[in-house]
Amino acid sequence: MTRAAPTEASPRTGPASYADLFSVLRHVRIDRGALCFAALLTLVEVGGTLGFPLLTRTIVDGSGQMAATGGLFGRPVIVQLVLVLLAAAAAAAVARYLTSRAGLSLGARLRSAAIERLVAAPVTYLDGLASGEVTSRVINDTKAVAQLISRESLNAASAVLLLAGAALVLFSMDAALAGILFGVIGAAFLAMLPVMLTMAAVAYRTQDETAKLSGRLTQVFAEMRMVKTFGAEERERRRADTGIFALFALGCRSARIEAALSPVMTLAVTISLVTILAYGGMRVAAGSLSSGTLTAFLLYIFTVVGPLAQLTSFFSQLSVARGASTRLAEVLRLAPEWSAPPTPRAAAGRTPKALTFDQIRFSYGDRLALSLEGLVFAPGSRTAIIGPSGSGKSTLLALIERFYTPDQGSIRHGDENIVAIPLREWRARIGYVAQTSAMLSGSVRDNLLYGIDRPVGEEAIASALALSRSDGFVAALPAGLDTQIGERGARLSGGERQRLAIARMFLRDPEILLLDEATSSLDEENAHLVLQGLEALMRGRTCILVTHRMTGLEAMDQIVALDGGELVERGAPEALLSGAGFYRRLVHRQFLQEKSA
Ligand SMILES: Nc1ncnc2c1ncn2[C@@H]1O[C@H](COP(=O)(O)OP(=O)(O)OP(=O)(O)O)[C@@H](O)[C@H]1O
Numbered sequence: 001m002t003r004a005a006p007t008e009a010s011p012r013t014g015p016a017s018y019a020d021l022f023s024v025l026r027h028v029r030i031d032r033g034a035l036c037f038a039a040l041l042t043l044v045e046v047g048g049t050l051g052f053p054l055l056t057r058t059i060v061d062g063s064g065q066m067a068a069t070g071g072l073f074g075r076p077v078i079v080q081l082v083l084v085l086l087a088a089a090a091a092a093a094v095a096r097y098l099t100s101r102a103g104l105s106l107g108a109r110l111r112s113a114a115i116e117r118l119v120a121a122p123v124t125y126l127d128g129l130a131s132g133e134v135t136s137r138v139i140n141d142t143k144a145v146a147q148l149i150s151r152e153s154l155n156a157a158s159a160v161l162l163l164a165g166a167a168l169v170l171f172s173m174d175a176a177l178a179g180i181l182f183g184v185i186g187a188a189f190l191a192m193l194p195v196m197l198t199m200a201a202v203a204y205r206t207q208d209e210t211a212k213l214s215g216r217l218t219q220v221f222a223e224m225r226m227v228k229t230f231g232a233e234e235r236e237r238r239r240a241d242t243g244i245f246a247l248f249a250l251g252c253r254s255a256r257i258e259a260a261l262s263p264v265m266t267l268a269v270t271i272s273l274v275t276i277l278a279y280g281g282m283r284v285a286a287g288s289l290s291s292g293t294l295t296a297f298l299l300y301i302f303t304v305v306g307p308l309a310q311l312t313s314f315f316s317q318l319s320v321a322r323g324a325s326t327r328l329a330e331v332l333r334l335a336p337e338w339s340a341p342p343t344p345r346a347a348a349g350r351t352p353k354a355l356t357f358d359q360i361r362f363s364y365g366d367r368l369a370l371s372l373e374g375l376v377f378a379p380g381s382r383t384a385i386i387g388p389s390g391s392g393k394s395t396l397l398a399l400i401e402r403f404y405t406p407d408q409g410s411i412r413h414g415d416e417n418i419v420a421i422p423l424r425e426w427r428a429r430i431g432y433v434a435q436t437s438a439m440l441s442g443s444v445r446d447n448l449l450y451g452i453d454r455p456v457g458e459e460a461i462a463s464a465l466a467l468s469r470s471d472g473f474v475a476a477l478p479a480g481l482d483t484q485i486g487e488r489g490a491r492l493s494g495g496e497r498q499r500l501a502i503a504r505m506f507l508r509d510p511e512i513l514l515l516d517e518a519t520s521s522l523d524e525e526n527a528h529l530v531l532q533g534l535e536a537l538m539r540g541r542t543c544i545l546v547t548h549r550m551t552g553l554e555a556m557d558q559i560v561a562l563d564g565g566e567l568v569e570r571g572a573p574e575a576l577l578s579g580a581g582f583y584r585r586l587v588h589r590q591f592l593q594e595k596s597a
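In this text, residue positions in the sequence shown follow the UniProt record's numbering: the first is 1, and each later residue adds one.
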């Protein structure tokens, strides 16, 4: 079956924008209370950080009077200093915890919201995604946004407050010294600004490359047997290496930038220190500056440098989060393909209804894939859809499953247009068995009961296993029904997986059964067992079977032959065999092929 994505449904990767960031934030609740409280605590921390050099000045200027009382708390200055430091440290610790917690909970909510949208997204969208890339994006992009909103925003706010507060205090203490300090450190910061912007771009690209590598590796490990069969291990290793070394190069660039940033800032600090010491020392000697003020200035150098580093980190994270939110916003905007949970159906007493295709036209993009004037699948009947590769057989099944919506016309189940039926309720009426049926890692039982919400008794399971001819091999498994079958059922044979898929269908009990080449990948012996199971499963259901095998179709009620997306022949097998059309030609050709084999 060929189901690639129509190009217009491919995920968008446009330029990063703030609108996307805000749109992402609108989808989830932010712990504003916790963040506001953390902001208040940060004010205490900022106050402490700014107050500490001032108190030190008081101590230095009044040397020998450390025990003098007065000031804000009416206590000895040294006690005030300790109290301020302790309060600032405690406030910082609680603010960090609250911020981290708010960030983690925002990240969790974003992930949960993204997964909610992705699992409910239409097939047209999901077809265009690389699963590993999506996983990486859901984990890393959400983390980037959450960190920006929590830790980085608060750090940036505290940095701005500290810088503003320090400027206020320093200029009111001594404008000339303050000018030197802000001049030197400000100049270093401005000189490094382009480098910092490059750093932000590198961080953004690193995020992107990580997602791509993760997407590629997930795909390779999921199809490892194919890789080995084609002897493509070396090729895949080289392709992975391309991604790995692209990340290495980005990492090195980022390390170079960090390595360059750090000595420049250290140099700025040293120049400030020396200049302030030299100039301040002269003024202390001249008596126009107190030694306490000079000490306070020296301490403030570090108060000013720290926030600048925090601002750098904020802008870098802002760039990563903006990029991340472009992709996240797209996911969060996805409309679910269904809106209501399926209504429980009475298991017994349902009356099969006809499935009618009426004037259907459907295209993938601008490529017409199916055009059917009229086609009826009578209730409880068996239809084989035949036709050359690419003739639209799987598309017909996909339209019944409502993976795609026809561009024109309608498909009716009884009198109801299927698009009017709640999607999950409609899908609950359908059973689909593919050429290689999907199994998840887990036990045999987990796979049998997959997607079944009602309680299922042991007898029902035993009966499903017996009807699908799975009872023998399941009983022989080391832990029977509780045997782990490996990722995608790798520990079972193809035939065993098919029989389990049929057993699962007995438990699901669908009204309409879609079989897409359900026996074509099996050898005669296995096909025989699977066919026995299928025969039991098909009883009383409307069955539509896509096949390339012309043998065994005599038992069908009708054969529908497609070519180029159009119906070219339709009728009972015996009627078509007596004619000179498509079906007869295919049966004849296959007969000759089998004879010559
Ligand atoms: N998701 C898709 N996007 C674009 N084109 C598609 C998509 N799926 C199928 N097609 C195209 O639509 C046409 C019908 O495909 P379809 O899979 O229905 O054929 P098929 O009869 O089932 O073929 P096969 O027997 O090889 O499985 C083909 O030309 C195919 O390339």
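Heads up, the beta-carbon is just placed ideally off N, CA and C, and yes, glycines get one too. Quick caveat, the model's predicted, so the values are computed rather than measured.
Query raised in the report: What's the C-alpha gap between Arg541 and Arg491?
Result: Going from the Cα of Arg541 to the Cα of Arg491 covers about 31 Å.
Query raised in the report: To the nearest whole angstrom, what separates the beta carbons of Leu586 and Met538, a pair I think is in contact under 8 Å?
Result: 22 Å between Cβ atoms; not a contact.
**Report entry** Classification of residue 617 by the beta-carbon crowding that lies within 10 angstroms, buried from 16 upward
**Finding:** For the chain, the structure presents residues 1 to 597; residue 617 sits outside this window and is missing.
Query raised in the report: If we ignore side chains and look at the alpha-carbon of each, how far apart do Ser158 and Thr312 end up?
Result: Roughly 13 Å between the two C-alpha positions.
Requested in this report: Verify the contact flag: Tyr404, CB atom, against every heavy atom of ligand 1, threshold strictly below 6 Å.
Outcome: Flag unset: Cβ of Tyr404 not near ligand 1.
Query raised in the report: Taking just the CA atoms, how far does Pro478 sit from Ala200?
Result: Their Cα atoms are separated by approximately 55 Å.
Report task. Classify Phe314 as helix, strand or coil using the three-state DSSP reduction. Result -> Looking at Phe314 - three-state DSSP - the assignment turns out to be helix.
Report task. Answer yes or no: the CB of Phe392 versus the heavy atoms of ligand 1, is any distance below 6 Å? Result -> It is Gly, not Phe, that sits at residue 392 in the sequence shown. Correct: Gly392 has its Cβ closer than 6 Å to ligand 1.
Report task. Might you give, ordered along the chain, the residues of its own chain that have their beta carbon closer than 6 Å to the beta carbon of Pro53, omitting 5 neighbours on each side? Result -> The beta carbon of Pro53 lies closer than 6 Å to those of Ala296, Leu299, Tyr300 in the same chain, with the five residues before and after it left out.
**Report entry** Which of helix, strand or coil DSSP assigns to His27
**Finding:** Correct three-state label for His27: coil.
Requested in this report: Using three-state DSSP, classify Leu72 as helix, strand or coil.
Outcome: With a pLDDT of 49 at Leu72, under the threshold of 50, the predicted position of this residue should be treated as unreliable, and no value is reported.
Query raised in the report: Closest to Ile180 by CA distance: which of Lys393, Leu273, Arg205, Gly243 is it?
Result: If we check each option's Cα against that of Ile180, Leu273 comes out closest.
Query raised in the report: Would you call Phe248 buried or exposed, if buried means 16 or more other Cβ atoms sit within 10 Å of its Cβ?
Result: With fewer than 16 Cβ atoms within 10 Å of its Cβ, Phe248 is classed as exposed.
Query - Unbroken stretches of the beta strand (DSSP E), 3 residues or longer, contained in the region 389 to 444 - result: You should have 408 to 413, 430 to 433.
Query raised in the report: So Asp557 packs on Thr395, CB below 8 Å; how close in whole Å?
Result: Not confirmed; about 22 Å, so no contact.
Query - Spatial neighbours of Phe403 in its chain, beta-carbon cut-off 7 Å, leaving aside the 5 residues before and after - result: Around Phe403: Val123.
Query - Length of the line joining the Cα atoms of Phe314 and Asn140 - result: The alpha-carbon of Phe314 is positioned some 17 Å away from that of Asn140.
Query raised in the report: Where does the unbroken beta strand (DSSP E) through Gly571 begin, and where does it stop?
Result: From DSSP, the beta strand (DSSP E) with Gly571 extends over 566 to 571.
Report task. List the whole-angstrom C-beta distance separating Gln498 from Val530, where the pair is believed to meet the contact cut-off of C-beta under 8 Å. Result -> At roughly 5 Å, the Cβ-Cβ gap stays under 8 Å, so Gln498 and Val530 are in contact.
Query raised in the report: How many angstroms separate the CA atom of Ser136 from the CA atom of Phe582?
Result: A straight-line Cα-Cα distance of about 49 Å links Ser136 and Phe582.
Report task. Rounded to whole angstroms, what's the CA-CA distance from Ala164 to Leu250? Just pull it up for me. Result -> Counting only the Cα atoms, Leu250 lies some 35 Å from Ala164.
Report task. Identify, in the order they occur along the chain, each residue of the same chain with its Cβ nearer than 6 Å to the Cβ of Ala178, setting aside the five sequence neighbours on each side. Result -> The residues are Leu170, Phe171.
**Report entry** Whole-angstrom C-beta distance between Phe362 and Ala354, which should lie under 8 Å
**Finding:** Ala354 to Phe362, Cβ: 20 Å. No contact.
Query - Per-residue burial, Lys228 [other beta carbons within 10 Å of its own, 16 or more giving buried] - result: Of the residues assessed, Lys228 falls on the exposed side of the cut-off, its CB having fewer than 16 other CB atoms within 10 angstroms.
Query raised in the report: Is Val560 helix, strand or coil when you go by DSSP?
Result: Three-state DSSP puts Val560 in a strand.
Query - 7 Å Cβ shell around Lys212 - same chain, five flanking residues per side excluded - result: Only Glu133, Gly243 meet the Cβ criterion.
**Report entry** Sequence-distant residues of the same chain with beta carbon closer than 6 Å to Asp20, five excluded per side
**Finding:** Excluding sequence neighbours, Asp20 sits near Ser325, Thr326, Ala329.
Query - Anticipated Cβ contact below 8 Å, Lys545 with Ile430, distance rounded - result: Reading the sequence as shown, one finds Leu at residue 545 and not Lys. Not quite, the Cβ-Cβ distance comes to about 14 Å (not below 8 Å), so this is no contact.
Query raised in the report: Exposed or buried, which one is Ala580 when buried takes at least 16 other CB atoms within 10 Å?
Result: Residue environment analysis places Ala580 among the exposed positions, since fewer than 16 neighbouring C-beta atoms fall within 10 angstroms of its C-beta.
**Report entry** N-terminal and C-terminal residue of the beta strand (DSSP E) that Arg361 is part of
**Finding:** 355 to 364 is the extent of the beta strand (DSSP E) around Arg361.
Requested in this report: Out of Gln484, Gly489, Phe506, Thr436, point me to the one whose CA is closest to Ala466's CA.
Outcome: The option with the nearest alpha carbon to Ala466 is Phe506.
Query raised in the report: With C-beta atoms as the reference, is Ala114 less than 7 Å away from Val331?
Result: Cβ distance < 7 Å, so Ala114 and Val331 count as in contact.
**Report entry** Ala476, DSSP secondary structure in three states
**Finding:** Per DSSP, reduced to three states, the secondary structure at Ala476 is helical.
Query raised in the report: The alpha helix (DSSP H) with Ser288 in it runs from where to where?
Result: Where Ser288 is concerned, there is no enclosing alpha helix (DSSP H), given that its DSSP letter is neither H nor E.
Query raised in the report: Going straight from the alpha carbon of Val94 to that of Leu41, what length do you get?
Result: It is roughly 8 Å from the alpha-carbon of Val94 to the alpha-carbon of Leu41.
Requested in this report: Hey, could you find the ends of the alpha helix (DSSP H) Ser105 is sitting in?
Outcome: Start and end: 77 to 119.
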